[in-house]
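Residue 168 in UniProt numbering sits at position 168 of the sequence shown; the count goes up by one each step and never skips.
Single-structure report; data block below.
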Amino acid sequence: MTPKTLDMEATKNYIAELDTTKRDWTITARVTRMWEVRYKPTNPTPDTIDMVLLDEQGSQIQALVKKAIVSHFKDRLQEGRIYTMTHFNVGKNNRTRLQVENEYIIWFTSFTSVTLQEESSAAIPFHKFNLRPIDDLSERTNKIDVLTEVIGQLIGVENKITQNHDNNTDQRRTIHIQDERTNKIAVTLWGQQADLVADDVAENGAQPKIVIITATRVTMFKGNYQLNSTGGTKLYINLEIPEVENFKKNMTDVPLQEILHIEVTQPESLEEAMTKNRKTITELQQIYMEGEENQEAKNTYTCVAKIATIHDQECGWMYTSCNNCKSKIDENQYCNKCEDVPEFPTDRYRLIATIDDGIATMTVGIFDKDVKKIIGKPITSMVKIYNQDNGPEKVAKELQQCIGKKCTMKLKVNDKGYIQELTAIKVFHIETEEKRTPQRRGKEILREIKKEGQPPKKQKMHSITTTEETPIITAGTNTNPEPVQLHDQLLHQGQSS
Ligand SMILES: [Zn+2]
1 MTPKTLDMEA TKNYIAELDT TKRDWTITAR VTRMWEVRYK PTNPTPDTID MVLLDEQGSQ
61 IQALVKKAIV SHFKDRLQEG RIYTMTHFNV GKNNRTRLQV ENEYIIWFTS FTSVTLQEES
121 SAAIPFHKFN LRPIDDLSER TNKIDVLTEV IGQLIGVENK ITQNHDNNTD QRRTIHIQDE
181 RTNKIAVTLW GQQADLVADD VAENGAQPKI VIITATRVTM FKGNYQLNST GGTKLYINLE
241 IPEVENFKKN MTDVPLQEIL HIEVTQPESL EEAMTKNRKT ITELQQIYME GEENQEAKNT
301 YTCVAKIATI HDQECGWMYT SCNNCKSKID ENQYCNKCED VPEFPTDRYR LIATIDDGIA
361 TMTVGIFDKD VKKIIGKPIT SMVKIYNQDN GPEKVAKELQ QCIGKKCTMK LKVNDKGYIQ
421 ELTAIKVFHI ETEEKRTPQR RGKEILREIK KEGQPPKKQK MHSITTTEET PIITAGTNTN
481 PEPVQLHDQL LHQGQSS
């Protein structure tokens with residue numbers, strides 16, 4: 001077989017020339033990355049096949065194959081190979097979470113033809129990355145326009161964790177990397193991407209392992225940046241490219257570190273967490289009254305109840321906290337716990353609410369993120385409203401929206417409580433009352449009262465907190481937040497405010 005050579009027509013265009021003015025483009029490019037996109041993880045066939053194309057000039061563009069023609073192209077395209085492509089559509093790029101920056105995007109149509117080319121036909125590298133330093137990710141936090149690519153030395157691998165949500169199994173694995181100056185960051189690989197790193201990666205082959213991870217999202221957790229994989233994330237170990245060679249050269253002062261295996265415990269499922277130690281308010285009152293005599297008083301409980309009253313007029317609705325310890329700071333901006341004036345005092349929600357399970361009522365303290373979840377507004381927005389004309393009245397009205405919402409909460413008896421007997425450690429699930437006709441309403445309330453004490457029936461979740469984020473590791477230890485510590489922290493807020 002004679003190798004195909006490129007004719008004049010086939011080399012006609014470069015990626016940099018593409019725009020929406022015409023349709024008869026021809027480019028020769030390497031499919032440097034290819035992945036399947038499923039809008040829902042359970043979809044049996046991919047909704048699109050996405051690619052990153054790279055040409056001889058070093059330009060990159062993302063290309064997509066629509067669902068209807070996925071099967072046609074699936075066997076005709078292979079990651080890493082060079083193709084000449086003709087008769088595709090070029091569109092304005094208005095998508096988010098793209099892997100490369102380009103004003104345009106390519107759509108393959110049923111008219112598009114792709115011709116495999118010999119490796120020698122064009123001088124196109126196998127990879128091109130836009131690597132960002134891991135000690136400078138502030139600008140990328142929570143941005144979803146273009147995803148983030150990083151390079152680092154692999155220093156820690158956690159075991160894979162499986163979580164069950166409803167009928168879906170979700171797996172994840174967190175790995176830890178550091179740069180040439182030992183700045184560390186945790187990268188959580190979600191779903192299929194958890195298998196990009198094997199359990200025995202440390203035992204296999206040469207050390208150090210320099211990894212390049214593409215298409216990640218940057219998030220912030222407890223003052224630390226962290227990275228999260230997306231469906232198109234690729235992970236490359238010790239690629240023979242200049243970026244990796246330079247990285248190795250620059251880390252000569254850093255002692256070679258063994259890859260740590262970090263054992264993390266399987267978290268309980270949401271269902272388990274939501275129904276664990278389920279109590280009625282009457283049972284909780286009993287435990288509270290017995291105080292320390294009841295061994296159970298130190299446990300956490302779950303409870304389903306409606307918010308009946310918000311005591312914002314008597315007890316306030318927010319406090320300004322120390323950014324170090326989350327305690328309330330005094331009127332001189334001083335934190336008594338840290339014995340210092342915190343640099344960035346932070347506003348936090350703190351509501352005292354009466355909850356009602358249809359049989360009994362009790363007061364409970366609800367904090368920051370959980371209040372935001374119930375109200376649907378961050379504290380910053382609420383403070384802005386407060387500062388408007390008639391702000392206090394507007395805020396009071398906003399807070400009234402909590403009333404009637406049925407919450408599945410994780411609670412702890414607050415033995416030092418002055419106003420509230422209970423602290424809500426977590427609000428899992430909020431049901432908003434649907435608009436009902438008054439006639440139906442009475443019946444439904446009756447039905448709900450009859451059902452008290454039974455586990456909640458499965459309903460559409462309005463709000464679920466399941467994101468567990470991992471802070472970066474410190475040498476040799478697993479610093480996954482201990483649930484107990486988190487609870488204590490929250491309790492401390494309850495007592496200090
Ligand atoms: Zn403090």
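All residues carry an ideal CB built from backbone N, CA and C; glycine is no exception.
The alpha helix (DSSP H) enclosing residue i, as first and last residue numbers
i	result
residue 72	70 to 74
residue 391	391 to 400
residue 282	281 to 290
residue 248	242 to 250
residue 383	379 to 386
residue 312	312 to 315
residue 270	270 to 275
Identified DSSP bridge partners for residue i
i	result
residue 190	172
residue 304	408
residue 91	105
residue 51	34 and 63
residue 424	411
residue 429	408
residue 98	146
residue 256	In DSSP, residue 256 forms no bridge with anything.
Helix, strand or coil at residue i according to DSSP, with G and I counted as helix
i	result
residue 195	helix
residue 115	strand
residue 39	coil
residue 77	coil
residue 16	helix
residue 200	coil
residue 29	strand
residue 184	strand
residue 351	strand
residue 140	helix
residue 454	At residue 454 the pLDDT is 45, less than 50, meaning the model places this residue with poor confidence and gives no usable figure here.
residue 339	coil
residue 82	strand
residue 356	strand
residue 178	strand
residue 446	Confidence is the limiting factor: at residue 446 the pLDDT is only 47, short of 50, which leaves the residue's position unreliable, though a coordinate-based value still follows. Of the three classes helix, strand and coil, the one that applies to residue 446 here is helix, per DSSP.
residue 163	strand
residue 471	Confidence at residue 471 is low in this model, with a pLDDT of 38, below 50, so its placement is unreliable and no value can be given for it.
Enclosing beta strand (DSSP E) for residue i [first to last residue]
i	result
residue 362	361 to 367
residue 215	210 to 221
residue 154	148 to 158
residue 236	235 to 237
residue 261	260 to 262
residue 224	224 to 229
residue 319	318 to 321
Residue i burial status per 10 Å Cβ neighbour count (16 or more: buried)
i	result
residue 348	buried
residue 276	exposed
residue 99	buried
residue 181	exposed
residue 316	exposed
residue 344	exposed
residue 353	buried
residue 307	buried
residue 359	exposed
residue 266	exposed
residue 341	exposed
residue 279	buried
residue 116	exposed
residue 334	exposed
residue 233	buried
residue 293	exposed
Check: residue i C-beta below 7 Å from any heavy atom of ligand 2
i	result
residue 67	Ligand 2 is absent from the structure shown, which contains only ligand 1.
> On the three-pair Cβ rule with 8 Å, is the stretch 222 to 230 touching the stretch 188 to 205?
Replying inline: yes
>> With three or more C-beta pairs closer than 8 Å as the rule, is the stretch 408 to 415 touching the stretch 322 to 340?
In response: no
> Three or more beta-carbon pairs under 8 Å between the stretch 45 to 53 and the stretch 27 to 36, yes or no?
Replying inline: yes
> Counting Cβ pairs closer than 8 Å, one from the stretch 233 to 246 and one from the stretch 197 to 215, do we hit at least three?
Replying inline: yes
>> Would you call the stretch 117 to 131 in contact with the stretch 85 to 96, where contact means no fewer than 3 C-beta pairs closer than 8 Å?
In response: no
>> With three or more beta-carbon pairs closer than 8 Å as the criterion, would you say the stretch 148 to 166 touches the stretch 193 to 204?
In response: yes
> If you pair each beta-carbon of the stretch 401 to 411 with each one of the stretch 303 to 320, do three or more pairs fall below 8 Å?
Replying inline: yes
>> Below 8 Å, how does it come out for the stretch 106 to 116 and the stretch 66 to 79: are there three or more Cβ pairs, yes or no?
In response: yes
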